[in-house]
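A.B. asks: Please read through the structure below; I'll follow up with questions.
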Amino acid sequence: MTTWESFGVTLLLLLGHTLVRGLIHKSLMALGQSRQVSENRVLYVEHVFHFLLGCATLLILAGVWGLDFSRLVVLASSFFAVLGVAMVAQWSILSNITASITIFFAFPYKIGDRIRILDKDDSVTGIITEIGLFYVRVRDDNGDLVTYPANLILQKPVRRLEGKEAEPTQPE
1 MTTWESFGVT LLLLLGHTLV RGLIHKSLMA LGQSRQVSEN RVLYVEHVFH
51 FLLGCATLLI LAGVWGLDFS RLVVLASSFF AVLGVAMVAQ WSILSNITAS
101 ITIFFAFPYK IGDRIRILDK DDSVTGIITE IGLFYVRVRD DNGDLVTYPA
151 NLILQKPVRR LEGKEAEPTQ PE
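In the numbering used here, the protein residues as written are 1 to 172.
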């Protein structure tokens with residue numbers, strides 16, 4: 001491929017990148033509005049998708065410009081090995097980010113819902129005040145703010161409280 005052809009393909013790829021980035025933004029904002037999700041939470045998820053799109057674009061650009069991939073294969077395989085270990089590690093940051101994205105698409109609760117996180121040792125009952133990239137914050141009946149890691153809230157049963165159960169109990 002000549003230099004001018006590489007420039008042309010690069011421009012097309014960057015145009016495609018920009019269009020896909022805009023499509024991701026519009027799609028996630030529409031999904032966030034339909035599910036009544038805060039704009040900050042949508043932006044967290046959007047940043048993750050934009051990062052992945054940027055990585056894919058850079059890899060394709062490297063191929064267009066003739067970068068020798070034999071050395072990158074070792075780097076990529078090392079990266080994916082570490083990524084795999086991080087996904088398995090229960091307290092890793094990556095695990096919480098992945099859980100947060102799952103919560104964005106599949107969590108049936110929203111900010112303001114009164115819930116009970118059922119835990120054998122210490123159940124938490126309160127109102128969801130924030131759903132962040134790493135955690136879910138719940139204000140309990142005593143007024144304390146409980147921060148629950150995103151990966152743990154996916155592992156525990158969670159009940160939405162309605163009716164009489166939804167009324168907060170007064171601390172003694």
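By construction, the Cβ of each residue, glycine as well, lies at the ideal position given by its N, Cα and C atoms.
So the candidates are E130, P149, P157, V158; which of them puts its Cα closest to the Cα of Q36?
C.D. replies: Numbered from its first residue, the sequence shown carries residue 36 at position 36. The residue with the shortest Cα to Cα distance from Q36 is E130.
A.B. asks: List the endpoints of the continuous beta strand (DSSP E) containing E5.
C.D. replies: As a first step, residue 5 must be located in the sequence shown, where it is residue number 5. Here E5 belongs to no beta strand (DSSP E); instead the alpha helix (DSSP H) covers 3-34.
A.B. asks: Taking only three categories from DSSP, how would you classify Y44?
C.D. replies: Position 44 of the sequence shown, counted from the first residue, corresponds to residue 44. The answer is helix: DSSP assigns Y44 an H, G or I state.
A.B. asks: Helix, strand or coil for G84, going by three-state DSSP, please let me know.
C.D. replies: As a first step, residue 84 is located in the sequence shown; it is residue number 84 there, counting from the start. The answer is helix: DSSP assigns G84 an H, G or I state.
A.B. asks: Classify S77: buried if its beta carbon has 16 or more other beta carbons within 10 angstroms, exposed otherwise.
C.D. replies: Working through the sequence shown from its first residue, we reach residue 77 at position 77. Looking at its Cβ environment, which holds fewer than 16 other Cβ atoms inside 10 Å, S77 is exposed.
A.B. asks: Under DSSP, the beta strand (DSSP E) around R133 begins and ends at which residues?
C.D. replies: Within the sequence shown, numbered from 1, the residue matching residue 133 stands at position 133. Just to set this straight, residue 133 is Leu in the shown sequence, not Arg. Premise fails: L133 is in no beta strand (DSSP E) and is neither H nor E.
A.B. asks: What number of angstroms, rounded off, separates the C-alpha of L31 from the C-alpha of E46?
C.D. replies: Along the sequence shown, one-based indexing puts residue 31 at 31. Along the sequence shown, one-based indexing puts residue 46 at 46. For L31 and E46, the distance between alpha carbons rounds to 11 Å.
A.B. asks: Please return the same chain residues whose Cβ sits closer than 7 Å to the Cβ of S6, not counting the five positions on each side in sequence.
C.D. replies: The residue you call residue 6 lines up with position 6 of the sequence shown. These residues qualify, in order along the chain: V64, W65.
A.B. asks: Beta-carbon separation of I97 and L133 under 8 Å?
C.D. replies: By one-based count along the sequence shown, residue 97 stands at place 97. By one-based count along the sequence shown, residue 133 stands at place 133. Closer than 8 Å, so yes.
A.B. asks: Would you call the stretch 56-63 and the stretch 105-113 touching, i.e. three or more CB-CB distances under 8 Å?
C.D. replies: No: the two stretches stay apart, fewer than three of their Cβ pairs being nearer than 8 Å.
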